[in-house]
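Here the protein sequences come in this chain order: A and B. Under the numbering used here, residues 1 to 435 are what the first sequence spells out, in order. Under the numbering used here, residues 1001 to 1435 are what the second sequence spells out, in order. We put the beta carbon where it would ideally sit given N, CA and C, even for glycine. Okay, so here's the structure we're looking at.
There are 2 protein chains.
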Amino acid sequence: MALAKKIVITDGVFLTLKEQCPVLEGSMIIEEDRIIYIGENPSPQDLEQADEIISGIGKLFMPGLVNTHGHAAMSLLRGYGDDLALQVWLEQKMWPMEAKFTSQDVYWATLLSIIEMMKSGTTAFVDMYDHMDLVAKAVEESGMRGCLTRGVIGLCPKEVQDQKLAEAARFARDWHGKADGRITTMMAPHAPYTCPPSYIEQFVQAAHDLDLPIHTHMSETLREVEANVKEYGLRPVEHLYKLGVFTRPALIAHGVHLTDEEIRLLSEHDVRVSHNPGSNLKLASGVARVPELIQAGVKVSLGTDGPASNNNLDMFEEMRLAALIHKAVSGDPVAVPATEALRMGTIIGAESIWLENIGKLEQGAKADFIALDIDQPHFLPKTDYVSHVVYSASAKDVTDVWVNGRQLVKSGKCLTLDEEKIKREFELCFERLVQ
Amino acid sequence: MALAKKIVITDGVFLTLKEQCPVLEGSMIIEEDRIIYIGENPSPQDLEQADEIISGIGKLFMPGLVNTHGHAAMSLLRGYGDDLALQVWLEQKMWPMEAKFTSQDVYWATLLSIIEMMKSGTTAFVDMYDHMDLVAKAVEESGMRGCLTRGVIGLCPKEVQDQKLAEAARFARDWHGKADGRITTMMAPHAPYTCPPSYIEQFVQAAHDLDLPIHTHMSETLREVEANVKEYGLRPVEHLYKLGVFTRPALIAHGVHLTDEEIRLLSEHDVRVSHNPGSNLKLASGVARVPELIQAGVKVSLGTDGPASNNNLDMFEEMRLAALIHKAVSGDPVAVPATEALRMGTIIGAESIWLENIGKLEQGAKADFIALDIDQPHFLPKTDYVSHVVYSASAKDVTDVWVNGRQLVKSGKCLTLDEEKIKREFELCFERLVQ
């Protein structure tokens, strides 16, 4: 799949995500992995020099979506035990099945999720799981960006803990910056309730040694918060703070149950929160205090969580949920307006995983962007495309996807992966697991 | 478009919605407007007698979705004033624009919404609006079912009130049972806060005279409830009860702010509630007490509300929201399980608008059903199709739609309406309105 040297898109509508000019009608030019021009339709001369000219008529172009928390391989468990409480679901349904996963299961299940994500406009995603070399291989092959981390549960003997930590560090070191820079890594103790304090401290030390951020689940359920207080005399935020987690740049998944004081503490450190509204609702975990977090200056991005607790990987749904639920819960109809939800799903997502110059359409930005078919009833009338994308669009409106200047999806078809083969292999994995 | 006399679908997966056998693999036979067989794949003889044989491989067949509250023509106001409070949005944005709507605007805007609804698997919908003859004409042409009602705002001089009531009654009488029975009607005073008490009583009398149900908005916002108490000394439920509204079969839209006592009163009368979660969230109206309503035996169905407050007409989203938000708000992860949400969107929806023998796939039921393309990553693995439909599917997974035995959508294309022409006319209407 050769890179097109110079791609010109003409006659399109562009959601730039820039404050001065959020919506622009005209043209965009991509050279190698960068946007080199965005503005009025170009001169005939520019068109002559193009390797590829794409008509943007009937299309909306916008930055790719960034999914900042998930476990892609859990697609193998989609629909396997719904309508249960988080702990029951984890302990009785998910973990016993996951214990049986082989590297090959993780590879094919991750590829299946990558296809779903790519085709629905996600261009970068965070993954916390096991068998991560195979996850990295899948990301490398797909052309997507991945911020990957071996998520470690430390409820095991010391020698197993040591082996897991070494493996997590080895993975993080081996893959950080690989695949033309599309893969980055983090260190991830799974959660305060699954890792003893001293083990979390070892992860903090490793993150310092490797100069990498930390990713962990935190304050997802009230039960977790109460258990943490019972066991350690501290709520999870202060617990992690005392263990040094916030001495590193950190990305926290969930953060549903936070006090004012905890929000202040997060805002005073380099801690970003991945808000997972679909998963939090489905598992009855609660509704995160997103307006307060944003108000305090915390970067809040969006994640789907794993496909077993969502149950799809449609980031348009997460943007819409983020824009909807906080209005009803707060009673404030301007809580998380459409523009904010769109930023959470794109540019703030990119910033939250330390991707620079990604998540906006402007000269010099990386060419990670998507096209939507807006020649459809639910995109009419042409009143407000930010509103339409957040309140009306969905995964399957996406027709084309580019990452790092390379087209990965064209007219709804994956260019980089063999979808039929992946679905077949995935089904074989599932059949073997349930036997 | 001739009716196929006998259609046989082979090798499909069927969500029957029957308790004993919710999912069935095999075949379904349709003759005229009815399902005459569902079960194992048929004999070669049955296939010989078929006018049309459809391969169901890779498809999931299920009852069509029933949208029990909306204002289809408000598609003209999609994205026109989002992120505002209900009263501000109504009084400053919606009503001034709606005052300019002509019959032709309503006709084309309703057709645009009908296309969106049909293509996303909705086979029957409730519409409360003005210029209803044109709405009925649009429904008649489309092949869908519509339960239609002239929604009347009574904040006007008595002679205008009289004229509107007469018009509403004339419409209801003229169209009830028309279009091969696909169109039914109701009497609809818009809301307790937009109709004086004596005017509501006149609607009750007219509903008795015509032997029709009543449809109205009720207890949508806290502000409405408080204003009702201030003006009439009663909350909306008791107010409408005293005006005789519940002496008729009634369909109430929203019912967000209800006390235990009010829920009991509704359950003791023939009152059904149309739950509109997307709209209630977006307008910050609150979260209806759906688990308590269901517990009390009230029929709770689902509606999108108008496209200006949703902003799409995707009933899969409403089913998902119904299954998700009540879990988080109640803290109960089994609140509104997937099966219940699916029933709310299909069979309970049909029952809520007095459609008999619709909303399930079984011998003798009316042939209102849809097909979804399940050969996609988000429908894998094949664990639980009820879960997949509620937690993972979306509008654009729908490929084919039948109503009353007639195919309206085939491979994603409308067979009965000219989509390109309707989009063009719709855009002309909008341009004229904003001039």
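Beta carbon proximity, residue i to chain A, threshold 8 Å
i: L1281 (chain B); result: yes
i: G1303 (chain B); result: no
i: S1098 (chain B); result: Residue identity check: residue 1098 (chain B) is Glu in the sequence provided, not Ser. Not one chain A Cβ lies under 8 Å of E1098 (chain B).
i: L1342 (chain B); result: no
i: I1115 (chain B); result: yes
i: E1141 (chain B); result: no
i: A1328 (chain B); result: yes
i: N1276 (chain B); result: no
i: P1200 (chain B); result: Contrary to the premise, residue 1200 (chain B) reads as Ile rather than Pro in this sequence. Chain A, which has no Cβ nearer than 8 Å to the Cβ of I1200 (chain B), makes this no.
i: K1005 (chain B); result: no
i: G1331 (chain B); result: yes
i: D1051 (chain B); result: no
i: L1017 (chain B); result: no
i: I1325 (chain B); result: yes
i: L1112 (chain B); result: yes
i: M1001 (chain B); result: Note on M1001 (chain B): pLDDT 46, under 50, position unreliable in the model; no value is reported.
Whole-number beta carbon distance between residue j and residue i, since they are thought to touch under 8 Å
i: A1338 (chain B); j: V1398 (chain B); result: No, A1338 (chain B) and V1398 (chain B) are not in contact; Cβ-Cβ is about 18 Å, not under 8 Å.
i: V135 (chain A); j: C195 (chain A); result: So it is not a contact: roughly 20 Å between Cβ atoms.
i: V1013 (chain B); j: I1374 (chain B); result: 7 Å
i: S1285 (chain B); j: A328 (chain A); result: 7 Å
i: I1325 (chain B); j: V1300 (chain B); result: The Cβ separation is near 13 Å, so there is no contact.
i: S1120 (chain B); j: A1395 (chain B); result: 3 Å
i: P1291 (chain B); j: V1336 (chain B); result: 6 Å
i: L1258 (chain B); j: S1309 (chain B); result: Incorrect: roughly 20 Å between the Cβ atoms, too far for contact.
Proximal residues to residue i (C-beta, below 6 Å), its chain only, five neighbours per side dropped
i: G1026 (chain B); result: G1039, E1040, N1041
i: E1116 (chain B); result: L1313
i: L24 (chain A); result: F14, T16
i: D1368 (chain B); result: G1064, T1123, I1358, V1403
Any chain B beta carbon closer than 8 Å to residue i
i: E32 (chain A); result: no
i: G79 (chain A); result: yes
i: N67 (chain A); result: no
i: D82 (chain A); result: yes
i: A138 (chain A); result: no
i: S267 (chain A); result: no
i: V287 (chain A); result: yes
i: A72 (chain A); result: no
i: L76 (chain A); result: yes
i: A284 (chain A); result: yes
Distance between residue j and residue i (C-alpha atoms, nearest Å)
i: L1293 (chain B); j: W1354 (chain B); result: 19 Å
i: K5 (chain A); j: E31 (chain A); result: 5 Å
i: C414 (chain A); j: A371 (chain A); result: 14 Å
i: R182 (chain A); j: L408 (chain A); result: 14 Å
i: A109 (chain A); j: N276 (chain A); result: 21 Å
i: Q1161 (chain B); j: D1211 (chain B); result: 21 Å
i: Y107 (chain A); j: S1387 (chain B); result: 24 Å
i: K230 (chain A); j: W95 (chain A); result: 24 Å
i: F1101 (chain B); j: L1433 (chain B); result: 8 Å
i: Y199 (chain A); j: Q49 (chain A); result: 57 Å
i: V1271 (chain B); j: M1315 (chain B); result: 22 Å
i: V1245 (chain B); j: P1189 (chain B); result: 10 Å
i: A99 (chain A); j: C156 (chain A); result: 14 Å
i: L47 (chain A); j: K366 (chain A); result: 21 Å
i: T1304 (chain B); j: L1076 (chain B); result: 15 Å
i: G1345 (chain B); j: R320 (chain A); result: 20 Å
i: E201 (chain A); j: K242 (chain A); result: 9 Å
i: Q20 (chain A); j: F379 (chain A); result: 23 Å
i: A1168 (chain B); j: R1150 (chain B); result: 5 Å
i: L1266 (chain B); j: V1237 (chain B); result: 8 Å
i: H468 (chain A); j: P1333 (chain B); result: Absent from the model: residue 468 (chain A). The displayed extent of chain A is 1 to 435, so no value can be given.
i: L1251 (chain B); j: G1146 (chain B); result: 14 Å
Residues near residue i in its chain [Cβ-Cβ closer than 7 Å; skip 5 each side]
i: G1306 (chain B); result: G1070, H1071, M1074
i: R1173 (chain B); result: L1210
i: H217 (chain A); result: H190, A191, A253, H254
i: V1225 (chain B); result: S1219, R1235, P1236, H1257
Notebook entry, point to check: Closer than 7 Å, Cβ to any Cβ of chain B: which residues of the region 373 to 392 of chain A, in chain order?
Noted result: P377, H378, L380, P381, T383, D384, S387, H388, Y391, S392
Notebook entry, point to check: Which residues, in order along the region 410 to 431 of chain A, keep a beta-carbon less than 7 Å from a beta-carbon of chain B?
Noted result: K423, F426, E427, F430
Notebook entry, point to check: What residues in the region 1391 to 1406 of chain B bring their beta carbon closer than 9 Å to a beta carbon of chain A?
Noted result: Y1391, S1392, A1393, S1394, A1395, K1396, D1397
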